[in-house]
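Undergrad: One structure coming up, written as structure tokens, with questions to follow.
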Amino acid sequence: MMARLREYAPQFVIVGILSLAIGTAAEMLGSDPVWLPQLFWAVGVVLVLSYAFLRPAELREALTGRRARYGGNTLIASIAFLGILGFINYLGAQYHHRIDMTETGQYSLSQQTKQILAGLEQPVQVTAFMSPGGPQAERVRNLLDEYKYLSDEVDYRFIDPDRQPAVARQYEISSYNVLVFEQGGRKQETFGLDEQDITSAILKVSETEPRKVYFTTGHQERGPDEAGGDGYSQVKAVLERDNYQIELVNLQTITDTVPSDAGAIIVAGPQVAFAPEEVQHLQDYVAAGGKLMVMADPGVETGLNPMLSQVGLRLDNDLIVDPAQSFFGDAGTPLVSNFQFHTITKDLGGLTVFFPLARSVSRAGETAEGVSVTEVARSSSRSWGETNLANLQQQSPQPDPDDPQGPLTMMAVATGPAGGRIAVVGDSDLVSNSILQQVRGSFGNTDLFKNTVNWLTESEELIAIGPKPPENRQIQPLTGGQQNLLLITFAGLLPLGILVVGGVVWWNRR
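According to the working numbering, the sequence shown is numbered sequentially starting from 27.
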């Protein structure tokens, strides 16, 4: 009997090792019943130890012979190699750095998102109600990994509403692809799964109250609720993602002062001049530390110059023509890619802003004490301010001797002694719906407008290049000529080349 057992001892060892492996796999996969892995381990240990009991001489020889010494050296070298790999892996886990190698930086968060994450003071918990195997789950997980990598205050978890219905009921979730953000006792939901949606939700849940921005009305201004080409509904959506609350104010109906909760007031392209009483309301507002943005198109008398002159600025009655830096050769649409340094423009490097039909903004006399003025955006030295619009009908317009010569300012900002801030832009088209629908990519019209509002409301942590919508990069189908070229190359020229090389080698060895 013992002789037959000794004969099968090597097979016992093989079966024992397999039993140990099966037990380990069952433990890792969450075996049910829970005692099954322990059973396999026990059987495996008994079978492996049986070899030592049945063939002790062979085991002694294996542990003390020359092969054992060589094997021991190999084992030590292997353990040392694994130890080095483990140490490198530990260093990588403790001091890791992520590099985005994609062409468009699709796995890199924007500078604005990074600044918002850097300013988090309390933890933000993100709960993603998504199917683990859904097509968007992996993309959202990778995106949230970037947020967690940049801030220890961000953590996330995934919940399948079907498998964990109690959690879904707790959050009143009845559908997939919903993200819930929590900080303290505040909650914010979003159905958007892109960076701009996630960053906006983090910003909203981490702020107690939204900042209010008022757009003036009553002078045929561009409306933030207008979805037409002349409206501002797109930039309104951009501001709302940054937790701004957009309201309208009619200065003609104000009996006392501008609303006290106004973080900033925007005058967007008025076509009718403001009455002196309205101008006085705005002047008192800025003098008391208020924030104002004036966007005025050429050829329109706004009535605001008396107020702007208090901070040393004036809207000129001209139209900037710039043949050197223009949008696709349209001299009436100047381009600006080099800005004067300011908080608004410090992160706009590499972006180009164009001003369709802009008027110039100039200095109005000496700057008063306590007032600081910065000319943010300027045209080229070859530009001029056309004061006779009939000249623009010429094929190659030329400046008149009396026209102001470039460089001319299209946007300037000023700060007053009481903390008031004013931004003056000689164009209101630059962020209209029609313009934003036409341009994509590196144009920074929206970024310039948004950064200006952030500067006015003293929200400097939001001033940066914001998240961009994800690009839909599709593979274009091959044309018939391209398909024929590939067919001829891979089915004809390459095999023929191999035959020619083979023939030459055979001829030389013949």
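Quick reminder that beta carbons are idealized off the backbone N, C-alpha and C, glycines included. As the structure is a computational prediction, the values presented were derived from the model and not from experiment.
My parser needs the beta strand (DSSP E) runs of 3 or more residues fully inside the region 285 to 312; what are they?
TA: As far as the region 285 to 312 is concerned, its whole beta strand (DSSP E) runs of at least 3 residues are 288 to 294.
Undergrad: Is the beta carbon of GLY442 less than 8 Å from the beta carbon of ALA313?
TA: Going by C-beta atoms, GLY442 is nearer than 8 Å to ALA313.
Undergrad: Can you name, in chain order, every residue of its own chain whose Cβ lies under 6 Å from the Cβ of GLY42, other than the five neighbours on each side?
TA: These residues qualify, in order along the chain: GLY70, LEU73 and VAL74.
Undergrad: I need the boundaries of the alpha helix (DSSP H) containing THR478, first residue and last residue.
TA: First-last of the alpha helix (DSSP H) with THR478: 471 to 482.
Undergrad: Answer yes if the region 337 to 348 comes into contact with the region 402 to 411, meaning at least three C-beta pairs across the two stretches below 8 Å, and no otherwise.
TA: Short answer: they touch.
Undergrad: Checking 8 Å against the spacing of the C-beta atoms, do ALA438 and VAL450 come in under that value?
TA: Yes; because the gap between Cβ atoms is below 8 Å, this pair is in contact.
Undergrad: Please report the straight-line C-alpha distance between ASP186 and ASP287, rounded to a whole angstrom.
TA: Computed Cα separation, rounded: 42 Å.
Undergrad: Would you mind stating whether VAL337 and VAL399 have Cβ atoms separated by less than 8 Å?
TA: Contact flag set, yes.
Undergrad: Spatial neighbours of PRO158 within its chain, please: C-beta separation below 7 Å, excluding the five flanking residues on both sides.
TA: If we look at PRO158 and ignore the five residues flanking it on each side, its Cβ neighbours are PHE184 and ASP186.
Undergrad: So what's TRP410 in DSSP terms, helix, strand or just coil?
TA: TRP410: strand per DSSP, three-state reduction.
Undergrad: Among ALA394, LEU205, GLN151 and MET436, which residue has its Cα nearest to the Cα of GLY358?
TA: Cα-wise, what sits closest to GLY358 is MET436.
Undergrad: Would you give the residue range spanned by the beta strand (DSSP E) that SER388 belongs to?
TA: First-last of the beta strand (DSSP E) with SER388: 387 to 389.
Undergrad: So what does DSSP say about ARG30, is it helix, strand or coil?
TA: Helix at ARG30.
Undergrad: Is the separation between the beta-carbon of LEU143 and that of TYR173 shorter than 8 Å?
TA: A contact, by the Cβ cut-off of 8 Å.
Undergrad: Of the choices LYS317, TYR258 and GLU215, whose alpha-carbon is the least far from that of VAL284?
TA: Here the closest residue by C-alpha is LYS317.
Undergrad: Determine whether the Cβ of GLU392 lies closer than 8 Å to any Cβ atom of chain D.
TA: No chain D is part of this structure, which consists of one protein chain only.
Undergrad: Please determine if the region 471 to 481 and the region 376 to 384 are in contact, where contact requires at least 3 C-beta pairs separated by less than 8 Å.
TA: Flag = yes, the region 471 to 481 and the region 376 to 384 touch.
Undergrad: If we ignore side chains and look at the alpha-carbon of each, how far apart do ASN510 and VAL526 end up?
TA: The alpha-carbon atoms of ASN510 and VAL526 are separated by roughly 22 Å.
Undergrad: Buried or exposed, going by whether 16 or more other CB atoms sit within 10 Å of the CB of THR225?
TA: Buried, by the Cβ-count rule.
Undergrad: Does DSSP put GLN196 in a helix, in a strand, or in coil?
TA: Looking at GLN196 - three-state DSSP - the assignment turns out to be helix.
Undergrad: Thinking VAL239 and LEU265 are a contact (beta carbons under 8 Å), I'd like their distance in whole angstroms, please.
TA: The Cβ separation is near 6 Å, so the contact holds.
Undergrad: Bridge partners for ASP429 per DSSP, in chain order?
TA: ASP429 is not bridged to any residue.
Undergrad: Any chance the region 144 to 155 sits against the region 199 to 208, with 3 or more Cβ pairs inside 8 Å?
TA: Yes: the two stretches touch, three or more of their Cβ pairs being nearer than 8 Å.
Undergrad: State yes or no: is the C-beta of THR243 within less than 8 Å of the C-beta of ASN269?
TA: The answer is no: Cβ separation not under 8 Å.
Undergrad: What residues are listed by DSSP as bridge partners for GLU401?
TA: Per DSSP, ALA438.
Undergrad: With GLN64 as the anchor, note down where its alpha helix (DSSP H) starts and where it stops.
TA: Start and end: 62 to 80.
Undergrad: Looking at the unbroken alpha helix (DSSP H) that takes in TYR202, where does it start and where does it end?
TA: No alpha helix (DSSP H) holds TYR202; DSSP gives it neither H nor E.
Undergrad: Specify, as a first and last residue, the run of the beta strand (DSSP E) that PRO360 falls within.
TA: It spans 356 to 362 - the beta strand (DSSP E) in which PRO360 sits, taken as one unbroken run.
Undergrad: Per DSSP, what kind of secondary structure is TYR258 in: helix, strand or coil?
TA: Of the three classes helix, strand and coil, the one that applies to TYR258 here is coil, per DSSP.
Undergrad: The beta strand (DSSP E) that contains VAL451, what's its start and end?
TA: It spans 447 to 451 - the beta strand (DSSP E) in which VAL451 sits, taken as one unbroken run.
Undergrad: Do you know offhand how far ALA194's Cα is from ASP188's?
TA: If you take the alpha carbons of ALA194 and ASP188, they lie about 8 Å apart.
Undergrad: Expressed to the nearest angstrom, what Euclidean distance is found between the alpha-carbon atoms of GLY432 and SER407?
TA: For GLY432 and SER407, the distance between alpha carbons rounds to 5 Å.
Undergrad: Between VAL479, ALA517, VAL60 and VAL531, which lies nearest to ALA294 when the distance is taken from Cα to Cα?
TA: If we check each option's Cα against that of ALA294, VAL479 comes out closest.
Undergrad: To the nearest whole angstrom, what separates the beta carbons of VAL231 and GLN246, a pair I think is in contact under 8 Å?
TA: So it is not a contact: roughly 38 Å between Cβ atoms.
Undergrad: Given a cut-off of 8 Å, decide if GLN260 and ASN459 are closer than it, judged by their beta-carbon atoms.
TA: Contact: yes.
Undergrad: Smallest Cα separation from GLU392: which of GLY445, SER335 and SER454?
TA: The residue with the shortest Cα to Cα distance from GLU392 is SER335.
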